[in-house]
Structures are given as structure tokens and as C-alpha cells.
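Structure first, commentary second.
Written as C-alpha cells, this is what we have:
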């Protein structure tokens, strides 16, 4: 199967996002990328939109639901949110939407900072493999993968997607 | 019961005998070596081909824990463990409850030992009442009840004058005093040798000077009082040197060392294992070397097990809360054989340190294979091995050697001609 | 003299991850760095309005303190609560243990009550090791201080303090002053600084307060503050306990202060931006002058904040390592 070029998805995502924000009459959105891939997508998207406002960075390691199985992620870094969450309209950006658990963790974390007015979800890819009722508002492309396949985004430059096969132990190479 | 023991290599260190010969035992005595006595008819024959026949081992420090510490051991269990280790004569220290400072306690121990019948027991009486280091015990009464020597354990005589008087009293009656030289104040609170390991582990230390300062004082008082003295449980090279110097000066003192001090060092403590918590403590490699050299040269003429069995709880706590002591009499022969394996000692010398040496130090009727003497005999297989812990007889399993494969195996131990242990 | 560089596989699971936190000895540099990095993230959590993350939700952390300490216990309680764990604190005085229930039984009973992590402080060196090895090997054991041996979380929070204020350990000169002999903090600090690559570690103390064989830690010994503090980047002052005077180790607090107290004058010998640290509680006028303790170079209060973050890091990493080991063990059986 051929993977789309992320850069080519951006223009359409940008215009979808603008329409969505206009429909909702959101004048001052706050942009937040989920580390690490979501941050690259967010930076690229902001560039596409021609906006230079501060980008919030969210590290969801402490909110994941798989601590008992997989333990603490070895590369935890602090989240950096340079603006208030309380009462704000957030645009939450991630690279790959699969089970929806990362988004669930991100929402839990954001609500520990304050009560947002709304959260708009943007994802570069949707793998149509939801395990939780999470719905993206803006999507770059939808893909279907085989059970043993995953996609990985590399960035920030070159900004590329690659396909991976899981090893026998069930961990991505 | 008439017994003949065929084909063993007979080694008797005190006479220098070392040859393959048959042994003949009758009426509890060794009646002949080599040729059968006229008209001898054996009731039992032991095939000792390939085995070594040596004098039964003499262990100067075996805590039997009775009376008073039944969780840790009993005379029956610990003397059986000793017999399994090749021991036919042992000395038990006065650290019983009540302390061995009355003839009643001595008699109780001797009765129980006789009942059990596994080894001969020669009790060591307390030098001071209650081991308090202040009041002299009734040494002559204790001697008459069977005590062969007198000691105060690690409990110091704080007052040198009191100690001097005790020594002079003992000297009056030609009694042997056993010293465990350690200065109370320098050692106080210490758990391990004061060195790099203890510092790293944060364990309070017992400096080498705790031993040497006390040794120096004790040797001079021995010289002044003329008492017969045996220095027990040396731990430092410097201490062995002090003994050597005293012997060179003509002072007839003897010394022993715990077998584990010749094998282990304080580095063993690195994981806080309470199995290595002993008093006096394990010291450095240099000390171990010094002690080994002293054993080789004969400055230290006796090796003991310093057997101190403990119940499990006594060792199952943070290091500082555990009780010191290692259980080891059952391993006396096989563990000591590692010294031959290492090339430190030849077999006759090792056997001397385990039999004639200790017997001579305390003037015990033991440690010799002599025609007409008691048939206290050890038969062991130098080619076989012993897995420490298999058929363990002591109540205390507090030994770091359990599970180890050690050289040689005790096959028979005979006390007064009867088999007290058979593998 | 060969340094004793004992391996501590007891603390690590089969993948080299932390499963107990007993001492800094034998832990590789990468692991110590990971602890510092993880703590950085927890510091950020501490700066939020809601200072909690759900990592240890539903888990029970049991603080079992056989030696009294309000400060360490409180920070461990806070750390566990900020990880959303349930917290129990027990002050078990050693006398009650010796009266009846052994340490072994006390902890086994707590384990049966489904504690997941124990934080233990005990007056005996090696107590935490004993517990991890012989009592509860399958629960994460965190050493809150054992005798004179180790205080690994204090060591790490001191390292975090240094890293946050000085950047790296590479070109640093650090002086530790005071009662090294009795100090588990000093031992943990010396080990941590060595592992993290600090090239110049100094101890300043009279001979009576130095342990035999201190050279094994790779430190330089000074008995004179003027020489020892010259151009250092960090000064760590240790607490001097009253008992040292009665034991004949020191003549008086006054003499100690005159010779080894950190006054403004002495601090001026160090670099102008040198950090002043102290594990607390401070004895004003004994080891440190008030003006210095409260002065601009002092980071003593920051150390407390960093302590919570370090403890959160260590609690989560140890829990994570135990979980991983459990996974590995069950995978082996399948």
C-alpha cells in the first residue's frame, strides 16, 4: 500500500480546520500538539495557516492507561503549556489516531490544568481502529492497515510516514 | 567390642606416622597398629581401603547451647553434628544459661554428653562469676567437676588489676586460661571490621587495635603471672605477629583460629548477609594471609570451628539486629580440607592443627593415635566430597557454606572404639 | 586499595529497570539520568493547579518508618498522593518491634494487606536490603534512609538541585562538609557525583568524622575549610548531631563552628555563584551561619521541592519495574 505524503495533506486539513472553527465561531483557538508526532504536525499546520502563535506541547506519559502492562515511558518530558486552559477553545493535534486512548489521556491531562470551553481534534491520519468513542473533527487521510502493521511519522524534517510490521513479541520495531 | 580397620593410610601427626596399616581396637583402646595382636578376633571389620585414618578431631570451640538456649541447639544435636564433622573431643564455652560457673552446670553438661554418646566433651569453665569480669569463679571446684580450662568469652575484665589477680590464682593451680582478646571500649558497638567494607556499608567498625591492644596487655600479664595461656579466635595478622613475638621470647602461649577466618574476609559482608555476622569479626585479605601463614608455621597450632548455631529468627533481621555466629562443626573436616586443596598445608600438618595441636594446647587426653590410648579415630575419604547441608544434624543452619560442595567426606567417627557416626 | 564496586542486581529487574530503590551503588549513569529527567517532568506537574497525575491510582504506598522523621515521611506522603496512590504511614518504634513482632512479621502482615510499595526508614544499615531480599522481594522497596548506609532519594534530589542550577556535572567542583562518618546522605552523594561524572569531589572534616577507607569513593580529603572550599561550585553542609560531642569525636559545637562552620567569609572563598545546600534540618550557628542559610546562594528550600519530584519519579519507576518483572515472569510461564 502506498502511504500519503504528509506535506500534501496539510492544505486540505488547514482549510477544513478553518471552516470548522468558523462554523463554531471560534475566534481565538489555542493550539496544542501531543508529543512527539502531534507537535510536528501542529508546527507544520500552523505554518500552513500562516500563524505564528505559541504552540502548547502536551506529554501524556503520566496519563496513559497501560502503566500496569508497559510501565513508565522511558522518555518522559515535561508538558509545556504557555497559556491558560480555563475557558479556552483548544485545538488538539496528533499524528495518528488509532485506538483513541492517547486522546483520552490527553483530555484527562488537559482537564487537570483547567476546564476548556471546547476541544477540537485534528489528526493527520485516522486508522479506523477505534476502541473508544473518540471522533476527530479534522482528518488528513484515513487508512486501513493489516493487524500486524503500524505507521510511524518522522519529523520535523524530513516529514515522512513509514509503514512498520510488528515483531513476534508484539512490540513495534 | 573388637574392631579391626583394614587398609587405611594412618596419619598420626604427633608421632609422625604416615603409612598404610591396619588398626586394631579392643576395650575402647587402640590395641595395635599394623600387626594384629595375638589371638585377636574381630567382632566388626571396617573396610578402610582408600580412606585416611587420623586421630579423632579435637575442636576447642563448639557451643552446645545447653543449658539455656534450646532453640539454638542441644548437647545431643550439636555433639552429633560434631561427630559428623569428624570430631571426637570438643570443648564447649561457658556461655550457657546459667553460665558455666558452678560445678552443677559442668556436671549436667557432662551427663548429657555421656548419654548422647557422640563425642567426648571437655567443658571450659567461666573465669569470673556470671562472666562479669569482676568476681573470680570457683576455679578449683570447676576443675574438679571436669572443666579443663577457664575463659571469659568476649567479656572483658575491665580492670587490669582484677584480671591480673585472676590469672595469678589460676596459675597457682596450674590451670589454663583461655583469652579472647578484645578491648571492650575500642570494640564497643562494632558490627564488622573497621575497614573499607564496613565504611561503605555504614556498619560501625571494630578496629584491629581492639584485638592488638588487648593482646598486648594480656600477653604481658600472662608473662607476669606465669599462668598457662591459650589465645583463642585470633582475627588479625598483627595479632598473630604479637603471639609469634611472645613465643619467640620464650613465652609458652598457644593460639587457635576459627576455620572460617582462614577462608573468608570482610568483603563477604557486601550484601549485608547476616550469615557472615560473626564476633570477633572477619577482617581483611591481608589479615587472612597473616593468619594462614601463622597456621602454616605453627604459631597458631589449632584450628577450631567456633561453632555457634542459631535459630532462623536470630539471623532474619537487618544486620545490626542479628546475632553473631556461624554454625560449622559438621563441616570441620571438609572445609578444612580446602586448605590442603589450596596448597597452604600438607595433609599431616592440617591434621595436626585439628587434632594434636588443640589437644596439646589444653593438655587434653586426645589428638593421638597411640597404642594403648583411647580409640578416638576419624576415617575419611579424601577423594569423595561433601555437599554441605545434606543430613545436617545441628539445629542451626546459619552457615554460608550450605549447598557448597567441599572436598573429602567423613566416613566413620569412633569414640572409645565405638562408631559414633557413620556416613 | 580497590574500590568496592558491588553490583546491585537486587535493585534491577531482568531488563535493567529499577524495581527497588535501595542505594545508588551499582546503578549506571543512564539510570540516574533517567531518574533526574523523570523528576523534571514531575516538577512541572507540581507547578500546575491540579498537582496530580493518575499513575499510581488504586495502588497503596506504605511508609514504614522505624526511625522517626517528619520531613522525609511528609515528602514521601505528598509524592505518593500526587501520583494518586493511597498512602498509609506507620511509625513503628524499634522497641515495639523487639518486644514482640519481628520486622519480618510486621512487613509480611502489611504485604498481606495488599500494599504495593514500601518506603522504609530504619536505624540499621542494610535494613532496606534485608527487606527487599528476604521479606518482600515482589514489592517495590524504597529506602528512606538506613542507618549510616544510604539515603538514595536525598542523594538524587541533591543531584537534581545541582543539575537544575548548574546544568551539568562535567566541570564541577563539589565540597561536602561535616560528619561524613555517620552520614548516609554523604555516602549517597559521593556515589551519585562519581557516577554522574563530577571530576572534583571534596570532603572537609576532622579525622574523627571521616570513615576509614574514604578514598574508595574517589574523593579528596581536606581538614581545612580555606583549602577545601577554594573555587568550589557547590557546598553541601551536613547536619552535626549533638551526640558527637559526648562521644569524644568533637570537643564542642563552638569549636566545630569556628573550624568548619559555613560563614559568609568562608563562602566567599568558593565561586561567587556557588550553591549552598543542606539536607536539613539545619543547625544555625553550628554548621552554617544564618545569613548564609537564608542568603541568595542558598537553595536549601528548593531542595525540598525537588525532593517531592524525585520521590515521585522513584515511586513510579520502581512500580513500573516491578510490573515489568511480573510481566516477564508470567510470559516465561506461558
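Protein chains in written order, with my numbering: chain D, 2 to 174; chain P, 3 to 425; chain H, 139 to 472. Glycine included, C-beta positions come from ideal geometry on N, C-alpha and C.
- Here the stretch 53-62 of chain P lies against the stretch 375-386 of chain P, with 3 or more beta-carbon pairs under 8 Å apart.
- Within chain P, no residue has its beta carbon less than 7 Å from that of residue 158(H); the closest one is some 13 Å off.
- Of the residues assessed, residue 162(P) falls on the exposed side of the cut-off, its CB having fewer than 16 other CB atoms within 10 angstroms.
- For residue 366(H), the three-state secondary structure derived from DSSP is helix.
- Look at residue 350(H): its C-beta is under 7 Å from a C-beta on chain P.
- Between the C-alpha atoms of residue 185(P) and residue 205(H) there is a straight-line separation of about 30 Å.
- The closest CA to that of residue 242(H), considering only 262(H), 320(H), 273(H) and 170(H), is found on 273(H).
- Not a single CB atom of chain P sits nearer than 7 Å to the CB of residue 149(H).
- With 16 or more other Cβ atoms from the protein chains shown falling within 10 Å of its own Cβ, residue 404(H) counts as buried.
- Contacts with chain H (Cβ-Cβ distance below 9 Å) from the stretch 178-196 of chain P involve 193 and 196, listed in chain order.
- In the structure shown, residue 333(H) falls within a helical segment according to DSSP collapsed to helix, strand and coil.
- Only residues of its own chain outside the window of five on either side were considered, and among them 108, 125 and 127 have a CB closer than 6 Å to the CB of residue 149(P), listed in chain order.
- Remark: C-beta atoms of residue 39(D) and residue 95(D) approach each other more closely than 7 Å.
- For residue 263(H), a Cβ of chain P is located within less than 7 Å of the residue's own Cβ.
- At a Cβ-Cβ threshold of 7 Å, residue 258(H) and residue 266(H) count as neighbours.
- Sixteen is the threshold: since fewer than 16 other Cβ atoms of the shown chains lie within 10 Å of the Cβ of residue 251(H), the residue is exposed.
- At least one C-beta of chain H is nearer than 7 Å to the C-beta of residue 113(D).
- Residue 35(P) carries a strand assignment under DSSP once its states are collapsed to helix, strand and coil.
- In the displayed model, residue 339(P) falls within a helix according to three-state DSSP.
- When the five nearest sequence neighbours on each side are left out, the beta carbons in the same chain lying within less than 8 Å of the beta carbon of residue 116(D) are those of 86, 87 and 88, in order along the chain.
- Not a single CB atom of chain D sits nearer than 7 Å to the CB of residue 297(H).
- For residue 124(P), no alpha helix (DSSP H) encloses it; the enclosing beta strand (DSSP E) starts and ends at 122-128.
- Just so you know, the alpha carbons of residue 354(P) and residue 52(P) end up roughly 20 Å apart.
- Taking each of 325(H), 148(H), 225(H) and 152(H) in turn and checking the Cα distance to residue 453(H), the smallest one comes out for 225(H).
- The Cβ atoms of residue 11(D) and residue 44(D) lie no closer than 7 Å to each other.
- Here the C-alpha atom of residue 84(P) lies approximately 37 Å from the C-alpha atom of residue 202(P).
- Proximity to residue 323(H) across 280(H), 451(H), 184(H) and 376(H) peaks at 376(H), based on C-alpha coordinates.
- Counted as a single uninterrupted DSSP element, the beta strand (DSSP E) harbouring residue 227(H) occupies residues 224-229.
- Between the C-alpha atoms of residue 331(P) and residue 307(P) there is a straight-line separation of about 5 Å.
- Fully contained in the stretch 157-209 of chain H are the following alpha helix (DSSP H) runs of length 4 or more, in chain order: 167-184.
- Spatial neighbours of residue 101(P) in its own chain (CB-CB distance under 7 Å, excluding positions within 5 residues in sequence) are listed in chain order as 128, 132 and 133.
- For residue 259(H), the nearest beta carbon of chain D is not closer than 7 Å to its own beta carbon.
- With 16 or more other CB atoms across the displayed protein chains lying within 10 angstroms of its CB, residue 360(P) is buried.
- When the five nearest sequence neighbours on each side are left out, the beta carbons in the same chain lying within less than 6 Å of the beta carbon of residue 388(P) are those of 336, 408 and 411, in order along the chain.
- A residue is called buried when at least 16 other Cβ atoms come within 10 angstroms of its Cβ; residue 19(D) does not meet this threshold and is exposed.
- Secondary structure at residue 87(P): coil, using DSSP grouped into helix, strand and coil.
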